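Be aware that the sequence shown starts at 173, since it is given in this note's numbering, and climbs by one per residue. Note that CB positions come from ideal geometry on N, CA and C, so glycine has one too. Predicted, not measured: the structure shown is a model, and the values here were computed from it.
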Amino acid sequence: MPERFEIKIPIVLSSATPRDSFEIIHPRTEGLEYYVDPIGDTFYFLTNLEGENYCIMQSSADSYSIEDWETLVPCSEDVLIENFDAFDDFLAVSVRTEGLLKLYIVERDSREGYYANLGDEVATIYTSSNFDTKADSVRLYYTSLTTPWSTVSYDVEADTLRILKTDDIGENFDRTLYESHRISAPAADGSLIPISLVYRTDLFHEGENPLLIYGYGAYGSSMDPMFGSTRLSLLDRGFVYAIAHVRGGSEMGRHWYDQGRVLNKMNTFTDFIDCTEYLIEEGYCDPDNVFAMGESAGGLLMGAIINLRPDLWRGVVAGVPFVDALTTMLDPTIPLTTNEYDEWGNPGENEEEYWYIYSYSPIDNIDAVDYPALYVYTGLNDTQVGYWEPSKWVAGIRTLNIGSDPVLLRVTGTGHGGASGRFGWLRDYAEQYAFILGTVE
Numbered sequence: 173m174p175e176r177f178e179i180k181i182p183i184v185l186s187s188a189t190p191r192d193s194f195e196i197i198h199p200r201t202e203g204l205e206y207y208v209d210p211i212g213d214t215f216y217f218l219t220n221l222e223g224e225n226y227c228i229m230q231s232s233a234d235s236y237s238i239e240d241w242e243t244l245v246p247c248s249e250d251v252l253i254e255n256f257d258a259f260d261d262f263l264a265v266s267v268r269t270e271g272l273l274k275l276y277i278v279e280r281d282s283r284e285g286y287y288a289n290l291g292d293e294v295a296t297i298y299t300s301s302n303f304d305t306k307a308d309s310v311r312l313y314y315t316s317l318t319t320p321w322s323t324v325s326y327d328v329e330a331d332t333l334r335i336l337k338t339d340d341i342g343e344n345f346d347r348t349l350y351e352s353h354r355i356s357a358p359a360a361d362g363s364l365i366p367i368s369l370v371y372r373t374d375l376f377h378e379g380e381n382p383l384l385i386y387g388y389g390a391y392g393s394s395m396d397p398m399f400g401s402t403r404l405s406l407l408d409r410g411f412v413y414a415i416a417h418v419r420g421g422s423e424m425g426r427h428w429y430d431q432g433r434v435l436n437k438m439n440t441f442t443d444f445i446d447c448t449e450y451l452i453e454e455g456y457c458d459p460d461n462v463f464a465m466g467e468s469a470g471g472l473l474m475g476a477i478i479n480l481r482p483d484l485w486r487g488v489v490a491g492v493p494f495v496d497a498l499t500t501m502l503d504p505t506i507p508l509t510t511n512e513y514d515e516w517g518n519p520g521e522n523e524e525e526y527w528y529i530y531s532y533s534p535i536d537n538i539d540a541v542d543y544p545a546l547y548v549y550t551g552l553n554d555t556q557v558g559y560w561e562p563s564k565w566v567a568g569i570r571t572l573n574i575g576s577d578p579v580l581l582r583v584t585g586t587g588h589g590g591a592s593g594r595f596g597w598l599r600d601y602a603e604q605y606a607f608i609l610g611t612v613e
């Protein structure tokens, strides 16, 4: 590429000399990530320079060479730093530790820090619009499996939380009827897999409730516990809803992601099965009415688990599922394929990765077994997972399936994200839930 077309970022320019040329902070370097937030005469960097779970460093705005970066919040093996908001007197650092999102306050002068008191609930928090660096409070978005999305203000000095606004769920919603927990299931290799779950307390009976367990486990994306009003339809019918925070996400840090990709991908599938069996053993659900759901890469998870343990599930919902993994990853002409080698491997160039993907690719492992009831949906305009993948998968299962449960395929004109419009997504949920409720024994 000609030099004049090279784009090197981040670049900076002093507002005091706006006619000067932009200067690059540090050239692109293999394996190095850094993000810059300027406050006053100081640059703050979120970077993996000291470790894979990131650290926060700082430098003078006049001398920002990487050799001058100074550690403010060090990297930790147990704490993943995801983001930060810089204020005049402190930093509000968004971290993930023990699978939970927390807010870590660091005083700029003393560099001492503490975790903000946000209550005992297992919740999801994101910093919001913190544009005033002189503020003594932090604006946050807050939600949990039982708490609707809320805008809250955390007072740094008082270490207290104040609710500013909460989504209106309707006059019939009573938060006290529902209870959420965070538990851990032991995996076959000894790892503890976090599970978030919620149910309606007055409808819960040990070992008797149907279960819907959701999973994803790819790209380092964490499935945080969030409120969903549509989910109330299941909870109010006695369902237990669970999220399995399997390897492949980043719930437990960068290593959690690394243990669920390329030649470690099988951990994602066995983790999900281990979580489900643990919930059954602990009496959270009726073993004859266990349902699973996943979309996209989570749809691949659904395909893998029903090949590995078809007996475990009463029914499975697989949305826009990436189920023809080997064929797709062998075709570099597909726009997304080459960019996905770091996630799945490059089977066209690496024989070990070829056979590893083959070992779990759902289409390549269909067998003559009694498959659970399936509801599979896809979109003709999906640019990420072609509609032909779930179509081939469903056709293969229908051919070899020795069971009698329905194997349904719904094809619409939507894209990867599903229906657009104000009500289209609600109709999609209604159909998926109708399938689940109609399959309960």
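Residue i to residue j span [Cα, whole Å]
{"i": "Phe259", "j": "Pro182", "result": "21 Å"}
{"i": "Asn479", "j": "Asn289", "result": "44 Å"}
{"i": "Gly587", "j": "Tyr559", "result": "10 Å"}
{"i": "Thr201", "j": "Val557", "result": "31 Å"}
{"i": "Ala416", "j": "Thr214", "result": "41 Å"}
{"i": "Gly387", "j": "Glu222", "result": "31 Å"}
{"i": "Arg481", "j": "Thr315", "result": "34 Å"}
{"i": "Val184", "j": "Ile197", "result": "7 Å"}
{"i": "Val345", "j": "Asp331", "result": "The question names Val, but residue 345 in the sequence shown is Phe. Each residue's alpha carbon lies about 29 Å from the other."}
{"i": "Pro174", "j": "Tyr513", "result": "Summary for Pro174: the model assigns pLDDT 34, below 50, so the residue's position carries little reliability, and this model does not support an answer."}
{"i": "Ala264", "j": "Met501", "result": "41 Å"}
{"i": "Val208", "j": "Ser468", "result": "32 Å"}
{"i": "Val566", "j": "Val294", "result": "37 Å"}
{"i": "Pro504", "j": "Tyr526", "result": "14 Å"}
{"i": "Asp536", "j": "Glu254", "result": "37 Å"}
{"i": "Leu598", "j": "Leu333", "result": "33 Å"}
{"i": "Asn461", "j": "Tyr450", "result": "15 Å"}
{"i": "Ser193", "j": "Tyr236", "result": "16 Å"}
{"i": "Arg176", "j": "Ser394", "result": "Per-residue confidence for Arg176 stands at a pLDDT of 36, beneath the threshold of 50, marking its modelled position as unreliable; no derived number is given."}
{"i": "Thr440", "j": "Ala188", "result": "52 Å"}
{"i": "Ile238", "j": "Ile355", "result": "42 Å"}
{"i": "Gly425", "j": "Phe463", "result": "28 Å"}
{"i": "Tyr391", "j": "Glu453", "result": "30 Å"}
{"i": "Ile506", "j": "Cys447", "result": "34 Å"}
{"i": "Asp374", "j": "Thr348", "result": "10 Å"}
{"i": "Ile211", "j": "His427", "result": "31 Å"}
Cβ-based burial, residue i [other Cβ within 10 Å; buried from 16]
{"i": "Thr296", "result": "buried"}
{"i": "Tyr456", "result": "buried"}
{"i": "Lys437", "result": "buried"}
{"i": "Glu423", "result": "buried"}
{"i": "Ala497", "result": "buried"}
{"i": "Ile385", "result": "buried"}
{"i": "Asp554", "result": "buried"}
{"i": "Glu205", "result": "exposed"}
{"i": "Asp396", "result": "buried"}
{"i": "Asp539", "result": "exposed"}
{"i": "Leu572", "result": "exposed"}
{"i": "Glu178", "result": "In this predicted model, Glu178 has a pLDDT of only 39, less than 50, meaning its place in the structure is not dependable enough to derive any value."}
{"i": "Glu561", "result": "buried"}
{"i": "Lys180", "result": "Because Lys180 carries a pLDDT of 46, less than 50, the predicted location of this residue cannot be relied on, and the following value inherits that uncertainty. So Lys180 counts as exposed."}
{"i": "Phe628", "result": "Residue 628 falls outside the range modelled here, since the chain spans only 173 to 613, and no answer is possible."}
{"i": "Asp408", "result": "exposed"}
{"i": "Gly466", "result": "buried"}
Cβ separation of residue i and residue j, assumed to be a contact under 8 Å, to the nearest whole Å
{"i": "Gly389", "j": "Val418", "result": "4 Å"}
{"i": "Phe399", "j": "Leu317", "result": "6 Å"}
{"i": "Thr269", "j": "Asp250", "result": "6 Å"}
{"i": "Ala490", "j": "Leu546", "result": "7 Å"}
{"i": "Tyr549", "j": "Ser405", "result": "No, Tyr549 and Ser405 are not in contact; Cβ-Cβ is about 18 Å, not under 8 Å."}
{"i": "Asp261", "j": "Val310", "result": "Going by Cβ atoms, the distance from Asp261 to Val310 rounds to 12 Å, so no, they are not a contact pair."}
{"i": "Gly410", "j": "Pro382", "result": "7 Å"}
{"i": "Leu272", "j": "Ser266", "result": "Going by Cβ atoms, the distance from Leu272 to Ser266 rounds to 12 Å, so no, they are not a contact pair."}
Check whether residue i and residue j have beta carbons under 8 Å apart
{"i": "Ile365", "j": "Asp443", "result": "yes"}
{"i": "Val434", "j": "Gly517", "result": "yes"}
{"i": "Thr611", "j": "Gly421", "result": "no"}
{"i": "Asp339", "j": "Pro320", "result": "yes"}
{"i": "Ile445", "j": "Leu508", "result": "no"}
{"i": "Asp542", "j": "Gly568", "result": "no"}
{"i": "Ser300", "j": "Tyr313", "result": "yes"}
{"i": "Gly432", "j": "Val492", "result": "no"}
{"i": "Asp600", "j": "Gly590", "result": "yes"}
{"i": "Leu244", "j": "Asn225", "result": "no"}
{"i": "Ile335", "j": "Ser352", "result": "no"}
{"i": "Leu472", "j": "Pro534", "result": "yes"}
{"i": "Asp308", "j": "Glu329", "result": "yes"}
Min CB distance residue i to chain B below 8 Å
{"i": "Leu204", "result": "Given the protein chain composition of this structure (a single chain), no chain B is represented."}
>> Going residue by residue through the segment 396–432, where are the continuous beta strand (DSSP E) segments of at least 3 residues, counting only ones entirely within it?
In response: 412–416
> Considering only residues of the segment 235–315, which uninterrupted beta strand (DSSP E) runs meet the minimum length of 3 residues and lie entirely inside it, listed in chain order?
Replying inline: 242–245, 251–258, 262–269, 272–279, 285–287 and 295–299
>> As an exercise, report each continuous beta strand (DSSP E) stretch of at least 3 residues that is fully enclosed by the segment 486–554, in chain order.
In response: Taken in chain order, the complete beta strand (DSSP E) segments of 3 or more residues contained in the segment 486–554 are 487–491 and 545–551.
>> Quick check for students: name the residue ranges of the alpha helix (DSSP H) that lie wholly in the segment 433–464, counting only runs of 4 or more.
In response: 438–453
> Hey, which unbroken runs of the beta strand (DSSP E) at 3 residues or more fall wholly within the segment 330–392?
Replying inline: 332–338, 350–358, 364–372 and 383–386
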